[in-house]
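As you go down the protein sequences, you meet chains A and B in turn. Under our numbering, the letters of the first sequence match residues 1 to 398, in that order. Under our numbering, the letters of the second sequence match residues 1001 to 1398, in that order. Below: the structure, in C-alpha cells.
2 protein chains.
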Amino acid sequence: MMVNFTRYLPTHFVFGRGVENQTGAEIRKLGGTKVLLHFGGGSAVRSGLIARVEKSLADAGLASVTLGGALPNPRDTKIYEGIELIRREGIDFVLAVGGGSAIDSAKAMAHGAVYGGDFWDFFSGKAAPERTLPVGVVLTMSAAGSESSNSCVITQESTKTKRGLRSELNRPVLAIMNPELAMSVPPYQIACGATDILAHVMERYFTNEPDCDLTDRLCEATMISVVRAARIAMKDPNDYAAAAQLMWASTIAHNETVGVGRVPDFASHQIEHELSAMYDVAHGAGLAAVFPAWLRFMLEKPDKVMRIAQFGVRVWGCEMDFERPDRTALLGIEAYERWLREIGMPLSFRELGAKPEDIPAMAGNVRRTNPDGTVGQFYRLNTEDIERIYRIAADRDD
Amino acid sequence: MMVNFTRYLPTHFVFGRGVENQTGAEIRKLGGTKVLLHFGGGSAVRSGLIARVEKSLADAGLASVTLGGALPNPRDTKIYEGIELIRREGIDFVLAVGGGSAIDSAKAMAHGAVYGGDFWDFFSGKAAPERTLPVGVVLTMSAAGSESSNSCVITQESTKTKRGLRSELNRPVLAIMNPELAMSVPPYQIACGATDILAHVMERYFTNEPDCDLTDRLCEATMISVVRAARIAMKDPNDYAAAAQLMWASTIAHNETVGVGRVPDFASHQIEHELSAMYDVAHGAGLAAVFPAWLRFMLEKPDKVMRIAQFGVRVWGCEMDFERPDRTALLGIEAYERWLREIGMPLSFRELGAKPEDIPAMAGNVRRTNPDGTVGQFYRLNTEDIERIYRIAADRDD
C-alpha cells in the first residue's frame, strides 16, 4: 500500500536544444547576481560550452567567477577550495556545468559556504544543513540525476570515505538540460550513465511495500525506455531522441517521480560506494558489478523471487514460468547482465580492477543505514551478506 | 523527437491517510493567514471533513471564512460571489475542499480577486492573468487533476459557454491528498473520475511527435494502472490501494509528469465541453461518449492506425495483427469501450440525455484552438469532422 509521503520539487527545468544559452536569463529570474561557475576538465572548455555559458551570464548582466577541476568521485579538498572562493567573492548562486560530480561538488560548496562549521559535518552525520545557496545546473551527462535529486555524494580524500547526504536542500533550483551536450560524452561514460539511471529506478523498484501498482509501472516504463535508449545511443551517439530519453530518464529516476509512496532499498549504492572510493572506478561501472550480484543474492530468498520474476517479465520480456517463478527471475537477472555486457560494462572484480582480498575491509566500511547495523530495506544485509554480494562479483573471474 | 519544454511545479504535495489534519500547518508554512474555505454540497459537512479542516486551520492560528455551494461544471455566478467575499474579508489564501469543480472555482476566484476587470476576461481570451492569490486543495475526488494542473474550466451561466483557461498561475501551491476521502464518493462519480484521468493521459498519448519513447511508456503505465484500479474500486470502494493509485494517477495525468516534450491533442475535451455545458452531464460521462467516437473517427485515417494499434497492444493487451494493424487498433478501441461499460459509463447520446438535433449547434460552439479554425493537434478537426464525431456517439442508439 502506498505509504504517506510529501513531495515538493523546487527545480525549474529548461529542456531541449540550445537551452544553455538561456542560463543567464533564468538565473537572473531566480534572483542570482554573482555566479560561481564550477566545471570539470578541459572538454567543456574546448567544446566552447563554458564560453557560451559565460556569454549567457554576461548578456544577462551577471558577474561570474570560474572554478574548474571537478573530478569523478568528488573530493572534499575541492569543496573547501570552492567554499573559500564563494565567501571571498560574495557569490550568491552556484552553477555547475557538468554531470553528477560537478553538481554534487556545487551542492556541498553551497551548503558549506553558509555554515559556520566544517561542511564534512553534513556527511559524517554530525550536523544537518539548515540553509544553502541556490544551485543551478547545466547538465552535460545523463546519469546521476543530481540535477533535481535530494542526494549529494562526496569522498573524504584522506580517509577514502565516500558518504552521501540526503536533504531537501540538495535539490537545485534550476536545471538547464540540452541532450545534445550529452551526445559528445565518450560511449563508456554514456553506458556508465545508463547503468546508474537503471540502478536508481531499481533501488526504488525493489520494495516490500505491497500494491503500489502505479509506481511499479512507472518504474518499469522508465527502465524499458532506458534499456532501449542506451542500446540506440551506443550504436549512434548522434541520435537526439535516444539522448533525450536518457537525459529526462536520469532526472525522473532520482527525484521520486517514479518512487513516491514506497520504501526504497539503496543497499547496492552503499555497497558500490566502497568500490569507487577504494579504486576510483566510475560509479556506474561499480553498480554494474554490484547490482546483478545483489539480485543473485536475493534470488536465494524465497519471498523475494516473485518480485524479481516481475522484473524479468515486465522489464526484460521474459516468459513467466508459472511452475518455477525462480527460473523466470533468473532469466531476468541474466537479461540484465547481458544488457550490461552489451553496452560494455564490467561485471567482475578483475574488469573493475578490484581485489577480492579487499572484500572484508570494504564490507566493514559500507555505511549501515539501519539502526541495527544493517543496510537495505528490501532485505536487511549484515556484514556477512555484504561480503557474499562482493564475493559473487569477484567469483565471476573464476 | 522530444520538443523543447520548460517545467516548474510549485505544488507542495502531502499524500496519505489523515493528512487533512495538517492543512492548517501547511498553509501557515506557505504564509497564509486568512483563508477562504470553498466547498460543494452537504456531504463534506455531514462527513465531518469541513469541521476537521476548520479545526486544523484554527489550531494553526489561521482565520477562515467558508463559502459552500461549489457545483459540478462551476458557474461564473459563484465566482463573482467568491471574489466579493475575498475582497470584503481580506482573504490571502483560497482553499478548495472537494474535486475539480471546487478547485477550478477557487482558482478563478483567486485570479479575479486581484484583477481590476471582469474575471471572465481570462476565459473569453480578452486578458491573461498576471498574478493571483495562492490556492490550496483538500482533494476529495480523483478525477480532474486540478490539484496541480495549469487548467481551469468555468461555465458562463447566461450563455451556457464553457471555457478553459491555461496558465501557470492555475497551479495550486498546496495539495492535501488523502485517498480515504475519495472512497466515500458514489461509484458513478468514481467511474467518471477514472474516465477523466484516462482521457487526460490519452490527450497527451495521441501525438504525432515521433520517438518520445519514455513519455509514451509513462502514459501507458499510468493508463494500465488506472484501468486496473478503477475495476478494483468499483468492486470494493474501501480498497485503499486502488483509491491511492487513482488519486495519484489523477495528479500525474494532468501536470505533465507523463506529457513533457510532446504536443497534446485536447480536441476531445473541447468537444465534450459542449455536451456538459448544454446538458449539465458529468465531464467524465461526456468524455466516455466523445473519446471512443474520436478514436473511431481517427481509425479511418491510415496514418493514425499504428498509434491506435500501439494503444491496443500496450494498454489493453491486444495481440498485434502484423498484417492488419487496423484490426488491432479496432480491438483496442473496443477494449476501451468495454471497460467504460464495465464501470458504468454511458457511451451514447440517449444514455447521456443528449439530443442528436443539437449536434450542429454544439459543433458550432466547440472552441477552435487553432488559428485556422480547427481543433486538435493529432488531427485538425473542422466543423464537419466534429459533427461526425458527435454523430458516431449518437448513432450508438440506432
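No residue lacks a Cβ here, since even glycine has one placed at the ideal position from N, Cα and C.
Residue-level contact to chain B via CB, Met2(A), 9 Å cutoff: yes
7 Å Cβ cut-off: residues of chain B touching Ser225(A): Asp1213, Leu1214 and Arg1217
At least 3 beta-carbon pairs within less than 8 Å: the region 1233–1244 of chain B vs the region 1150–1167 of chain B: Contact between the region 1233–1244 of chain B and the region 1150–1167 of chain B is absent, with fewer than three C-beta pairs closer than 8 Å.
Proximity to Leu1169(B) [Cα-Cα], best of Arg1163(B), Pro1179(B), Met1177(B) and Ser1146(B): Ser1146(B)
Cα-Cα separation between Arg986(B) and Phe1015(B), rounded to whole angstroms: In the structure as shown, chain B starts at 1001 and stops at 1398, and residue 986(B) therefore has no counterpart that could be examined.
Residue range of the unbroken alpha helix (DSSP H) whose run includes Phe15(A): Here Phe15(A) belongs to no alpha helix (DSSP H); instead the beta strand (DSSP E) covers His12 to Phe15.
Collapsed DSSP secondary structure at Val45(A) in the structure displayed: helix
Cα-Cα separation, Trp1248(B) to Ser1142(B): 8 Å
CB contact below 9 Å: Glu220(A) versus chain B: yes
First and last residue of the uninterrupted beta strand (DSSP E) at Ile1176(B): Leu1174 to Met1177
Outcome for Thr1132(B) when other beta-carbon atoms lying within 10 angstroms are tallied against a minimum of 16: buried
C-alpha distance - Ala63(A) paired with Thr33(A), whole-angstrom precision: 6 Å
Whole-angstrom distance between Val1138(B) and Pro10(A), CA atom to CA atom: 21 Å
C-alpha distance - Leu330(A) paired with Ala244(A), whole-angstrom precision: One C-alpha to the other measures close to 31 Å.
Status (buried if at least 16 other CB within 10 Å, exposed otherwise) for Lys1078(B): By the 10 Å Cβ count, Lys1078(B) comes out buried.
As assigned by DSSP and simplified to three states, the class of His1254(B): coil
CA-to-CA distance, Asp1239(B) to Ala106(A), given in whole angstroms: 45 Å
Gly1018(B), enclosing alpha helix (DSSP H) - first and last residue: Per DSSP, Gly1018(B) belongs to no alpha helix (DSSP H) and is neither H nor E.
Listed by chain order, chain A residues near Gln1270(B) by CB distance under 7 Å: Chain A residues near Gln1270(B): none, gap ~27 Å exceeds 7 Å.
Contact test: Ser348(A) Cβ vs the ligand GDP heavy atom, cutoff 8 Å: Annotation note on the ligand GDP: not contained in the displayed structure, which lists no ligands.
Cβ neighbour criterion (16 or more within 10 Å) applied to Asn1370(B): Per the 10 Å Cβ criterion, exposed.
Same chain, Cβ closer than 7 Å to Arg258(A), neighbours up to 5 away in sequence not counted: Sequence inspection shows Val at residue 258(A); the Arg mentioned does not correspond to that position. If the five residues before and after Val258(A) are omitted, its C-beta is found closer than 7 Å to the C-beta atoms of Val201, Arg204, Thr215, Leu218, Cys219, Thr222 and Ile252, all from its own chain and listed in chain order.
Closer than 9 Å at the beta carbon, the chain B residues around Val260(A): Phe1013, Phe1015 and Trp1248
Coil, strand or helix - Phe39(A) by DSSP: strand
Residue-chain proximity (Val19(A), chain B), Cβ-Cβ < 9 Å: At a cut-off of 9 Å, the C-beta of Val19(A) has a neighbouring C-beta in chain B.
Assigned secondary structure, Ala1025(B) (DSSP; H/G/I helix, E/B strand, else coil): helix
Extent of the continuous alpha helix (DSSP H) to which Thr1328(B) belongs: Boundaries of the alpha helix (DSSP H) harbouring Thr1328(B): Pro1325 to Glu1342, taken from the DSSP string.
Closer than 9 Å to chain B by CB, Arg228(A): yes
Assigned exposure category for Asn255(A) - 16 Cβ within 10 Å defines buried: buried
Simplified DSSP state of Cys1152(B), which is helix, strand or coil: strand
Cβ-based neighbour list, Ile1224(B), same chain, cut-off 7 Å, excluding 5 preceding and 5 following: Val1315
Limits of the alpha helix (DSSP H) - the one that Ala1293(B) falls within: His1283 to Met1298
Run of the beta strand (DSSP E) containing Thr1006(B), from where it starts to where it stops: Phe1005 to Arg1007
Burial state of Lys304(A) (16 or more Cβ within 10 Å): Buried.
Given Arg171(A) as reference, the closest of Leu181(A), Ala182(A) and Ser149(A) once Cα atoms are compared: Ser149(A)
Closer than 9 Å to chain B by CB, Ala241(A): yes
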